[in-house]
Structures are given as structure tokens and as C-alpha cells.
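Residue numbers (the numbering used here), protein chains in the order written: chain A, 39 to 178; chain B, 39 to 178.
Number of protein chains: 2
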Amino acid sequence: MGRIHGHEPRGPGAAGGMRPCCRRAGGGGRGALVEPAALAALLAKSAHGYDLRREIQRMTGGELEVDAGGLYRVLRRLEDEGFVTSVWAEGDSGPQRRDYELTAEGRELAEDWVAHLRERERLSGLLADSLSAAMKKDTE
Amino acid sequence: MGRIHGHEPRGPGAAGGMRPCCRRAGGGGRGALVEPAALAALLAKSAHGYDLRREIQRMTGGELEVDAGGLYRVLRRLEDEGFVTSVWAEGDSGPQRRDYELTAEGRELAEDWVAHLRERERLSGLLADSLSAAMKKDTE
DNA sequence: GACAGTATATGCAGCATACATCTAGACAGT
DNA sequence: ACTGTCTAGATGTATGCTGCATATACTGTC
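Below, the structure written as C-alpha cells:
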């Protein structure tokens, strides 16, 4: 999912000089971001997947660029679990679009995600502080 | 890894009422925490795995309780990658202990983790804000 | 016809987590 | 002697999230 903008564009095999904590695959071990991002976009407006992806970019000021494939997978799962509903958009020309909409449960899930993300925010900060403190002590 | 303290002790099969964003396995999709926690503990003091686990609990005020098995796996990998070194502690009674120590590369890795965790902190906050904002707008 | 953009979807590899289980020494209680 | 608990290390397995590659298909442009 989310590549952080501002990092070097890194061509195909250009992960050379990066350290493990940033180099690792699977999002580099950052937490789940696609699902909450999708929910946030859906709260802003009901839309189809491709559009939600743009909405996520817009919302985050271009910082979060989710993988399209991953986004569709997440939307499917959210639908299976009853947090969103979808219908094929009709009467349009062009490729078929599937319009997604949040359910009441989806809105509750979004609330839970806020708490969850705040917790992650706090824990990340706590660990960063611990590391900083220990490093400082180490240099003394 | 880290179970957050304060959540109900949840007996064996007691994941019943929890929502997906908190219920999911694999750490619930929170980011990597064991590795940075281990590095922070090792910065504080060289020690063996079991003790590092306690140190992590102490450091975080009991908030982060890493899985022992996972911790040993992480330490092994860090050693394979040259970030820590280990020796079997000798002359002791009791079960064998393996003492771990940070290398210079390990200290650099810890620095990288600080930046990485700050980034995660910021991104989690950003998403939480986006969700909150969208939810607020939704209620108006 | 070739190509780019829109739109949805699947396959795969890699990392991280949680829970269960295994070995093994030391020690206390019955 | 048997049982249980704590310490200490390690492995197996299931689940989940990510990123990248790839496949399909429609539309409009050159």
C-alpha cells in the first residue's frame, strides 16, 4: 500500500542502500492503513474504488498512495463483513464501475479505527521516545 | 506480539465481541513493534532474551508485552544481519542463557527506527484526523 | 492498429504477529 | 518420587497486511 511520497522514486531494483527497517517488504512493517483510509474516503463520499483511491491521495495531501489491487481486496472484504455495500453502476459508458457505500456498521467501524489509530500513534511515539532516550544515555 | 494491557484478559476463545480492526490476528495490523522494542531494550542494557522481554515491559510501563517466541526469532534475525552479537553465558546454573549485545550497526539501525516510528506516528495521527473530520462532517 | 487512461481483479512473495507446543534446568511443595 | 512453577530458548502454524506484477476490458486519441 502506501508509499510515502518524498522518498526517492526508487527504480525497479533500487532498494540497495536502504536499511532493513525501511527496506522490508509488506509495507515495511507499518500498520494496516488501507482499510482505515478506505473508510475515511467512504465517509467523505460514496464512490467506486478507483475514485476512492484518488480521494485517499487528496485527503492525505498526496502522502498516502494505496495500492489499487490492495484497495479492491479490502473493499471486497469489508463488503463480505457487512461494513460496505456495493452495486454495479449502470448506464455508463466505459469500464464497469462498482459503487461502494458505507453501512451503519461501517460507520461504527470507522469510529473504532480512530481509537485504534490513536493507540498506534501513541505506542509508536512511546517506542520512539524510548529509543531516543536510550540512545542519548548511551552517548553520555 | 504486544498485547495492550488494560484490555480484558480474554480467555482462550473469547474474541467474541471485538471488532475486526482490533480482532484480527497478526498483531491486528499494527506495525512492527518487536524489533524496535528489542533494540530499545538492548540500548538500555545488554542482556539475554528473557530479560529483554522484561526490560521492554518495564520501559513501556507495562504497555507492551511482546511474545517470547517472536522476540527470540527477531533476535536471531538481527544477529544474522549483523545488528547484534550473542554468546552463550557460561558458568551459570539454571537453563542456558544467550547474552545479546548491540553492534555499531545495531545502534545505527536504532536511529533509523526512531525516524521510522515518528513517521508511523505522524501517519497514524493523520489518518485518525481524517477519519474524525469525515465523521464530524457526516453528522452535521 | 498501437497506445494511454480508466476500472476491477487475482497471484505471489515477504514480513510481522499471536497462540500453541516442545525441550530443559532449578527449585519448592506434597 | 511426583507435581507444579519459574526461567530460558526455540519452533510450528495460522492469519493478516503490504507491494509488485499481471490479466481483463472498455474508451478515446494519434
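All C-beta atoms in this analysis are idealised placements derived from N, C-alpha and C, irrespective of residue type, glycine included.
For residue i: DSSP bridge partner residues
i: B/Asp89; result: BP columns for B/Asp89 are empty, so no partner.
Three-way DSSP call (helix, strand, coil) for residue i in this model
i: B/Asp137; result: strand
i: B/Val152; result: helix
i: B/Val125; result: strand
i: A/Glu119; result: coil
i: B/Glu159; result: helix
i: B/Glu101; result: coil
i: A/Ala172; result: helix
i: A/Ala142; result: helix
i: A/Gly108; result: helix
i: A/Glu73; result: helix
i: A/Arg62; result: coil
i: A/Asp167; result: helix
i: B/Arg68; result: coil
Alpha-carbon spacing of residue i relative to residue j, whole angstroms
i: B/Ser124; j: B/Lys174; result: 52 Å
i: B/Leu109; j: B/Gly129; result: 24 Å
i: A/Arg136; j: B/Val152; result: 41 Å
i: B/Arg156; j: B/Asp150; result: 10 Å
i: A/Gly51; j: A/Arg62; result: Bear in mind that a pLDDT of 31 at A/Gly51, under 50, signals an unreliable position, so the model cannot answer this.
i: B/Arg158; j: A/Ser162; result: 7 Å
i: A/Gly69; j: B/Arg68; result: 4 Å
i: B/Asp167; j: B/Ser131; result: 54 Å
i: B/Arg115; j: B/Glu146; result: 16 Å
i: B/His154; j: B/Thr177; result: 35 Å
Spatial neighbours of residue i in its chain, beta-carbon cut-off 8 Å, leaving aside the 5 residues before and after
i: B/Val112; result: Val72, Glu73 and Ala76
i: A/Ala172; result: none
i: B/Thr98; result: Ala75
Close Cβ partners of residue i (< 7 Å) along its chain, the five nearest in sequence each way excluded
i: A/Glu117; result: Thr123 and Ser124
i: A/Gly120; result: Thr141 and Glu143
i: A/His86; result: Ala127, Arg135, Arg136, Asp137 and Tyr138
Cβ neighbours of residue i in the same chain (closer than 6 Å, five flanking residues each side left out)
i: B/Glu139; result: Ser84 and Thr123
i: B/Ala79; result: Leu90, Glu93 and Ile94
Near the ligand ZN: residue i beta-carbon under 7 Å from a heavy atom
i: B/Gly144; result: Among the ligands in the structure shown, none appear at all, so the ligand ZN cannot be discussed.
Residues in the segment 141-154 of chain B having any Cβ partner in chain A nearer than 8 Å: Those would be Arg145, Glu146, Leu147, Ala148, Glu149, Asp150, Trp151, Val152 and His154, in chain order.
Near-chain B residues of the segment 83-103 of chain A - C-beta to any C-beta below 8 Å: The segment 83-103 of chain A vs chain B, Cβ under 8 Å: Met97, Thr98, Glu101 and Leu102.
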